[in-house]
Structure formats: structure tokens, C-alpha cells
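Trainee: Just so you know, we're using the working numbering here: the sequence shown kicks off at 12 and counts up by one. The following block contains the structure, expressed as C-alpha cells.
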Amino acid sequence: MSTTWSEFYKLAFQEVFKNLKLVNGIAVGLNTNVDAIYHMRSERIVELIHKLDIDSVSLYKKIVKWKGIIEEPDDYVAGLCGCFEKGKASEWLIQNEDTYNFLLENLPIDRTLRMGGQAGIMANALSELGLRKVIVHSNTLPNELKKLFTRNKNLVMPVFNKNREVVFTHPRKVKTIDDRLYLHLISEIHKNDGIKIGASIEWICPKNNRFIATFDPPNAELKILDSFREGIELIATSTDAIILSGFHLLNTTELGLEKVKERIMAVLKLTKQAKISNPNILLHLELSSTKNNVILLELFKLLRKDVYWDSIGCNERELAEVLSVIGESKLAKEISREPFQKKVLDGCSKVCQKLSLKRLHLHQFGCYTVLTKDDYSIPNELVKKSLCFASLITAQKANTGKIKRDLDVDSLISSTRIDSHLTKAYKELVTILKEEPDINEDEFRTLGIAKYHGFNLISVPTILVDKPKFTVGLGDTISSTTLAAEIALKKLQSNN
Ligand code: GLC
12 MSTTWSEFYK LAFQEVFKNL KLVNGIAVGL NTNVDAIYHM RSERIVELIH KLDIDSVSLY
72 KKIVKWKGII EEPDDYVAGL CGCFEKGKAS EWLIQNEDTY NFLLENLPID RTLRMGGQAG
132 IMANALSELG LRKVIVHSNT LPNELKKLFT RNKNLVMPVF NKNREVVFTH PRKVKTIDDR
192 LYLHLISEIH KNDGIKIGAS IEWICPKNNR FIATFDPPNA ELKILDSFRE GIELIATSTD
252 AIILSGFHLL NTTELGLEKV KERIMAVLKL TKQAKISNPN ILLHLELSST KNNVILLELF
312 KLLRKDVYWD SIGCNERELA EVLSVIGESK LAKEISREPF QKKVLDGCSK VCQKLSLKRL
372 HLHQFGCYTV LTKDDYSIPN ELVKKSLCFA SLITAQKANT GKIKRDLDVD SLISSTRIDS
432 HLTKAYKELV TILKEEPDIN EDEFRTLGIA KYHGFNLISV PTILVDKPKF TVGLGDTISS
492 TTLAAEIALK KLQSNN
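Next comes the structure, spelled out in C-alpha cells:
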């Protein structure tokens with residue numbers, strides 16, 4: 012009899028958990044910030060609409076237009092309401108400081124400050140998991156941000172000592188750095204919340220998700236700390252993986268095209284230097300959604316000319332955005348319209364092929380999928396265990412807002428009844444795979460491993476959380492935790 016999913020989950024957790032110490036370290040950059048989280052229930056949204064005196068017709072027009080940037084407070088309300096109506100998460104950049112200040116003053120006063128940005132979120136997650144070393148990059152360090160880093164000693168930042176040598180210090184202790192604070196305004200919106208505006212608008216929010224409004228000049232320049240850049244050799248040789256993100260925050264209007272290219276190249280140069288310093292290092296790009304095509308076009312034009320990354324992490328939306336700039340706009344549109352698993356999977360393999368990736372990790376609600384090439388150094392079974400581990404850690408974070416090493420694996424697993432109720436996304440994946448000549452549907456359902464168009468396909472049904480405390484940052488947690496687990500298991504295997 013093959014192992015059930017719940018048995019496999021338990022086994023995977025024990026094995027990864029015991030061996031995370033085998034990871035030498037992981038470095039994460041570039042975007043770290045403070046998130047201000049507002050739970051925007053419908054009453055609050057309606058209150059804001061009244062306060063700003065927005066009429067329902069002009070609001071609806073703005074939602075349909077889906078501008079993707081915030082030039083004035085009304086644009087913020089349009090983005091927020093659009094996410095509420097469609098249940099899709101978005102991040103829009105605020106274009107001027109006055110609008111940012113206005114929103115800060117006019118959004119509800121009760122908010123929670125949390126660690127934000129891919130780098131910040133992943134750094135805290137990996138640090139809590141107990142890796143030996145987690146190196147984080149942040150180009151600002153106001154007190155509000157310092158306080159949000161875990162206190163664990165394994166978390167460090169590269170800084171210069173008196174002799175301008177790069178040394179590692181806990182971010183709470185770092186002094187000499189830009190202390191400007193720019194809060195990312197995150198509105199969490201809740202599934203099944205209903206809203207009625209005027210006579211004609213009535214929506215029920217279909218999915219827990221969030222709308223982010225960002226004004227963050229240091230991250231908009233994709234500034235790299237000198238100590239991170241000059242210390243890249245030391246960083247690469249002290250770690251097993253570097254995970255980078257932050258391109259989505261580039262302000263193309265302020266910087267202009269040439270500067271944007273320069274900023275992107277500066278990051279790509281880092282990846283090259285890291286690989287030279289440590290050829291075994293795994294370089295992972297974590298994507299974050301952007302409507303700004305200029306960034307995507309420039310970034311992916313460069314990524315198609317040379318190999319900079321081993322691996323990419325994304326959700327369906329980010330996948331579609333990439334496809335739209337690498338000559339696959341038909342597929343991109345189809346996925347954006349309705350992310351059917353067949354299209355999504357084809358999209359993943361196209362991205363792997365066109366960018367010569369060894370690995371792509373797609374995190375969807377209900378299903379995590381990794382595609383790897385045969386030369387990826389981590390075997391399928393270990394990737395599968397890592398995905399299950401990440402699913403448990405992320406479910407705990409969704410439930411409690413925190414990552415802690417002591418989690419109740421049994422109750423998390425039984426809450427989903429994973430064996431009798433496979434998730435919808437996973438079931439859909441299994442169904443479409445029956446069309447593949449070399450895949451046995453029943454076998455895949457219980458195993459989650461197959462060969463797909465020349466790639467290894469590893470997929471798991473995930474632990475679902477009905478009422479997450481926060482949705483922001485869950486994708487980053489999934490990606491970073493999976494990678495850490497993969498590295499730990501690979502080291503275990505090579506030690507044996
Ligand atoms: C984006 C946002 C940041 C948020 C993160 C979560 O980077 O700018 O505020 O914390 O996404 O994934």
C-alpha cells in the first residue's frame with residue numbers, strides 16, 4: 012500500500028525539522044520594509060468612500076479602468092474595491108508623498124505593524140526555523156523596522172567594521188544606515204464580507220486577499236547596501252542559497268529607462284559574482300506582482316540573454332506576467348482570465364525553457380508545484396517532502412500570524428482531512444494529467460511525482476486555512492521554507 016498524504020506529511024515534517032541545522036545559511040534580499048496592516052471590513056471601506064466623497068459611478072469607472080498606480084486617494088479606494096470585488100491581490104505604487112501622507116492620516120487608526128518585503132519576511136521565517144545563518148539585506152533601518160526582526164542570533168546583516176571589512180551583525184544592533192520609515196499600507200480583505208455602495212453596487216468578496224499601497228523611495232531605487240555588494244563573496248561562501256526580490260518596486264517614472272536598466276544590471280551582476288565565489292550556491296528569484304510592464308520587459312529581456320538564476324518562485328498571476336513579456340502573451344491572457352491547471356503547467360514549462368531554469372516553484376492556493384530539470388541537484392522525493400514541510404509551516408503562519416518551531420502537526424493535518432478531501436487545485440491538476448500518455452492518474456494522485464514534457468513534476472495538495480490571520484507574506488514563507496528544507500534534506504542525503 013502506498014503512503015497516504017497525511018502519513019507522508021508527518022514523516023516529511025519530522026525529517027526536515029530535525030535536519031534544518033545542516034543548512035549553512037541562506038541570504039535574502041533586497042526589499043525589507045514595515046507593513047502597516049489594516050483589516051478593511053466593508054463598513055470601513057464604506058466609511059472611507061463617504062469620507063472622500065466618492066460617488067459610486069466614478070468609483071466603478073475607476074475599478075474597470077484598473078489603473079495600477081495611485082496618483083490620488085480615489086485611486087487607492089478603486090484598487091481596494093477592485094481587490095474586494097474580484098478577490099485578487101494587488102500592489103499599487105503611490106506616486107507622490109502627499110497622497111501617501113493623506114492615506115496615512117485617513118486610514119483607520121488601528122493597524123498592526125509587521126515585518127514586510129520579501130527579504131524581511133523570509134529572513135524572519137528562516138531565522139525562526141533555526142538555520143545556522145540567515146543574512147538579510149535592508150536598505151533602510153528605522154527603529155520601527157529593527158524591532159520587527161526576530162531576536163535570534165542566527166539573523167545577521169553585512170556591515171563594515173572600522174577597517175571597512177565586511178562583518179555580520181544582528182540587524183537590531185546595526186547603527187549606520189538610512190533610518191527613513193516608509194510604511195507599506197496593506198489592507199487585508201476577507202472572504203464572504205459583503206459591501207453595498209449606492210443603489211447599484213453590491214459585492215461579496217470571493218477570497219481572502221490583500222491590497223497593498225506602497226510609497227517607498229529607497230526600495231523604489233532598488234538600492235543595494237555597499238556592505239552587501241562588496242561582501243557578496245563572503246555572503247556567497249557562507250551560504251547555500253541566495254534569494255532575491257524587489258524588482259517590482261522600481262519607480263520607472265522617477266528613474267527613467269536607463270537608470271532602471273542600470274539598477275537591474277547591478278543586481279544581476281551580484282548573482283554572477285555569487286556564482287563565481289560559490290559555484291554550488293542556489294540562486295533564486297522570488298517574483299512579486301507588478302502591473303509595470305517596463306520593469307518586466309527590461310528584466311526579462313536581460314534574463315533571456317544569459318543565465319542568472321537557477322530557480323524562480325511565483326504564483327499564477329506572476330507567472331502570467333512573466334509569460335506576457337517572454338513572447339507567450341496568448342497563454343498569459345488565458346491564465347489571467349482563468350488559471351486552469353493545464354495552461355498554468357504549460358506556462359511553467361515555457362518559463363523554465365525560455366529562461367533555462369533548473370527549477371520553478373509555483374505556489375497556488377491548495378497546491379504547490381515544482382518543476383525541475385534533471386540536472387537539478389535535489390531528487391524529486393526530497394522536493395516533495397520539502398513542499399509538505401513548507402505547507403505546514405505556512406498553515407501555522409496563516410492560523411497564528413507567526414512561525415514557531417513547536418507546531419501541532421497532527422491537528423493541522425486533520426483540520427484539512429487531506430486524504431479524503433484532496434484540495435480543488437490538486438484534484439484539477441490530477442485530472443488534466445490523465446491526458447498525458449506517460450502519466451497514470453491514480454498513481455499521480457497519491458504520489459504527486461511524474462515526468463512532464465521533459466521536466467520532473469512534483470506537486471502536493473496543501474493544508475488549507477479557512478480564516479487566515481493575515482494573507483500577506485504567505486507566498487514568501489512557502490518559497491523560502493521549501494528551499495531551506497530542500498537544502499537540508501540534500502545535505503542529509505550526501506552525509507549518509
Ligand atoms: C511586497 C510588498 C510588501 C509585502 C510583500 C509580501 O513586496 O511591497 O509590503 O510585505 O510584498 O509578499
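The beta-carbon is built from N, C-alpha and C at its ideal position, and this holds for glycine as well.
Closer than 7 angstroms: is that where the CB of V147 sits relative to any heavy atom of the ligand GLC?
Mentor: The residue labelled residue 147 in the question sits at position 136 within the sequence shown. No - the ligand GLC has no heavy atom lying nearer than 7 angstroms to the Cβ of V147.
Trainee: Is any heavy atom of the ligand GLC found at a distance shorter than 7 angstroms from the C-beta of V336?
Mentor: In the sequence shown, the residue the question calls residue 336 occupies position 325. No, since every heavy atom of the ligand GLC falls outside the 7 angstroms radius drawn around the Cβ of V336.
Trainee: Relative to the ligand GLC, is the shortest distance from any of its heavy atoms to the C-beta of T225 smaller than 7 angstroms?
Mentor: Along the sequence shown, one-based indexing puts residue 225 at 214. Correct: T225 has its Cβ closer than 7 angstroms to the ligand GLC.
Trainee: Decide yes or no for the touch test of the stretch 92-101 against the stretch 69-80: beta carbon pairs closer than 8 angstroms, at least 3 of them.
Mentor: Segments in contact, yes.
Trainee: Kindly indicate which three-state DSSP category H61 falls into: helix, strand or coil?
Mentor: Here residue 61 is taken as the residue at index 50 of the sequence shown, counted from 1. Three-state DSSP puts H61 in a helix.
Trainee: DSSP three-state label for E102, please.
Mentor: Within the sequence shown, residue 102 is the residue found at index 91, counting from 1. Looking at E102 - three-state DSSP - the assignment turns out to be strand.
Trainee: Are L500 and S397 closer than 8 angstroms when you measure CB to CB?
Mentor: Position 489 of the sequence shown, counted from the first residue, corresponds to residue 500. Position 386 of the sequence shown, counted from the first residue, corresponds to residue 397. Yes, these two residues count as a Cβ contact at 8 angstroms.
Trainee: Report whether the distance from the Cβ of I323 to the nearest heavy atom of the ligand GLC is below 7 angstroms.
Mentor: In the sequence shown, counting from the first residue as 1, residue 323 sits at position 312. No, the beta carbon of I323 sits no closer than 7 angstroms to any heavy atom of the ligand GLC.
Trainee: Once DSSP output is grouped into helix, strand and coil, what is the label at D46?
Mentor: Looking up residue 46 in the sequence shown gives position 35. Of the three classes helix, strand and coil, the one that applies to D46 here is strand, per DSSP.
Trainee: Name the one or two DSSP bridge partners that L124 has.
Mentor: Residue mapping note: residue 124 aligns to position 113 of the sequence shown, counting from 1. Bridge partners of L124: A47.
Trainee: Tell me which residues share the same chain as R274 and place their Cβ nearer than 8 angstroms to its Cβ, disregarding the 5 neighbours each side in the sequence.
Mentor: Residue numbering aside, residue 274 sits at position 263 when the sequence shown is read from its first letter. Correct list, in chain order: E232, L233, L261 and L266.
Trainee: For N410, collect the residues of the same chain with a Cβ closer than 6 angstroms to its Cβ; drop the 5 residues on either side in sequence, then sort them by chain order.
Mentor: The sequence position of residue 410 within the sequence shown is 399, counting from 1. Same-chain partners within the cutoff: V476.
Trainee: Following a CB-centred definition, is E199 positioned closer than 7 angstroms to any heavy atom of the ligand GLC?
Mentor: Start at 1 with the first residue of the sequence shown, and residue 199 comes out as number 188. Incorrect: E199 has no Cβ contact closer than 7 angstroms to the ligand GLC.
Trainee: Could you give the C-beta distance for L152 and P119, rounded to a whole number, given that I count them as a contact under 8 angstroms?
Mentor: By 1-based counting over the sequence shown, the position of residue 152 is 141. By 1-based counting over the sequence shown, the position of residue 119 is 108. With 8 angstroms as the limit, L152 and P119 do not qualify as a contact, their Cβ atoms being about 27 angstroms apart.
Trainee: Is E244 near the ligand GLC, with its Cβ less than 7 angstroms from a heavy atom?
Mentor: Start at 1 with the first residue of the sequence shown, and residue 244 comes out as number 233. Answer for E244: no, Cβ out of range of the ligand GLC.
Trainee: Which residue wins for smallest C-alpha separation from S149, given the options G484, S53, L307 and V167?
Mentor: Along the sequence shown, one-based indexing puts residue 149 at 138. For the residues G484, S53, L307 and V167, the minimum Cα distance to S149 belongs to V167.
Trainee: Label R370 either buried or exposed according to how many other C-beta atoms from any shown protein chain fall within 10 Å of its C-beta, with 16 as the threshold for buried.
Mentor: As a working mapping, residue 370 is identified with position 359 in the sequence shown. It counts as buried.
Trainee: Could you tell me the distance, in whole angstroms, from the CA atom of Q352 to the CA atom of Y437?
Mentor: To locate residue 352, count along the sequence shown from 1; it is residue 341. To locate residue 437, count along the sequence shown from 1; it is residue 426. Approximately 9 angstroms between the Cα atoms of the pair.
Trainee: Within a Cβ cutoff of 7 angstroms, which residues of the same chain sit near L91, ignoring the five residues on either side of it in sequence?
Mentor: Residue mapping note: residue 91 aligns to position 80 of the sequence shown, counting from 1. For L91, where only same-chain residues beyond five positions count, the Cβ hits under 7 angstroms are M51, I56, S198 and F222.
Trainee: I'd like to know whether the C-beta atoms of V185 and V178 end up nearer to each other than 8 angstroms.
Mentor: For the purposes of this step, residue 185 is identified with residue 174 of the sequence shown, where counting begins at 1. For the purposes of this step, residue 178 is identified with residue 167 of the sequence shown, where counting begins at 1. For V185 and V178, no; Cβs fall outside 8 angstroms.
Trainee: Whole angstroms is fine: what's the gap from E446's alpha carbon to R122's?
Mentor: As a first step, residue 446 is located in the sequence shown; it is residue number 435 there, counting from the start. As a first step, residue 122 is located in the sequence shown; it is residue number 111 there, counting from the start. The straight-line gap from Cα to Cα measures roughly 49 angstroms.
Trainee: Does DSSP put R370 in a helix, a strand or coil?
Mentor: Stepping through the sequence shown from its first residue, residue 370 is reached at position 359. Reduced to three states, the DSSP call for R370 is strand.
Trainee: Does K270 come out as helix, strand or coil in the three-state DSSP assignment?
Mentor: Walking along the sequence shown from the start, residue 270 turns up at place 259. Of the three classes helix, strand and coil, the one that applies to K270 here is helix, per DSSP.
Trainee: Sorted by chain position, which residues of the same chain lie with C-beta nearer than 6 angstroms to G40's C-beta, five sequence neighbours on each side aside?
Mentor: By one-based count along the sequence shown, residue 40 stands at place 29. Result list for G40: A130, H148 and L255, in chain order.
Trainee: Quick one: what's got a C-beta closer than 7 angstroms to E83's C-beta in the same chain, skipping five residues either side?
Mentor: The count along the sequence shown starts at 1 and reaches residue 83 at position 72. Answer for E83: T110, listed in chain order.
Trainee: For a test of your reading of the model: does the CB of S249 fall under 7 angstroms from any non-hydrogen atom of the ligand GLC? Yes or no.
Mentor: On the sequence shown, position 238 is the one that residue 249 refers to. No; taking the cut-off as 7 angstroms, the Cβ of S249 has no heavy atom of the ligand GLC nearer than that.
Trainee: Is H50 close to the ligand GLC? I mean its beta-carbon at under 7 angstroms from any heavy atom of the ligand.
Mentor: Translated into the one-based positions of the sequence shown, residue 50 becomes position 39. No.
Trainee: With a threshold of 7 angstroms (Cβ to nearest heavy atom), would L260 be considered close to the ligand GLC?
Mentor: Numbered from 1 along the sequence shown, position 249 holds the residue referred to as residue 260. Checking the Cβ of L260 against the ligand GLC gives yes.
Trainee: With a 10 Å radius around its C-beta and 16 neighbouring C-beta atoms as the bar for buried, classify K361 as buried or exposed.
Mentor: By 1-based counting over the sequence shown, the position of residue 361 is 350. Flag for K361 reads buried.
Trainee: What's the call for P479, buried or exposed, on a 16-neighbour Cβ count within 10 Å?
Mentor: Counting from one through the sequence shown, the residue named residue 479 turns up at place 468. With 16 or more other Cβ atoms within 10 Å, it is buried.
Trainee: Indicate whether S299 and H259 have their beta-carbon atoms separated by less than 8 angstroms.
Mentor: Against the sequence shown, residue 299 aligns to sequence position 288. Against the sequence shown, residue 259 aligns to sequence position 248. Closer than 8 angstroms, so yes.
Trainee: Rounded to whole angstroms, what's the CA-CA distance from T264 to D190? Just pull it up for me.
Mentor: Here residue 264 corresponds to residue number 253 of the sequence shown, with the count starting at 1. Here residue 190 corresponds to residue number 179 of the sequence shown, with the count starting at 1. Roughly 24 angstroms separates the two Cα atoms.
Trainee: Nearest-angstrom Cα distance between L494 and K72?
Mentor: If you number the sequence shown from 1, residue 494 lands on position 483. If you number the sequence shown from 1, residue 72 lands on position 61. Using only the alpha carbons, I get a separation of about 43 angstroms.
Trainee: T380 bridges to which residues according to DSSP?
Mentor: Position 369 of the sequence shown, counted from the first residue, corresponds to residue 380. DSSP lists L373 and S470 as partners of T380.
Trainee: Over what stretch of residues does the alpha helix (DSSP H) that includes N30 continue unbroken?
Mentor: Along the sequence shown, one-based indexing puts residue 30 at 19. Counting along the chain, the alpha helix (DSSP H) containing N30 begins and ends at W16 to N30.
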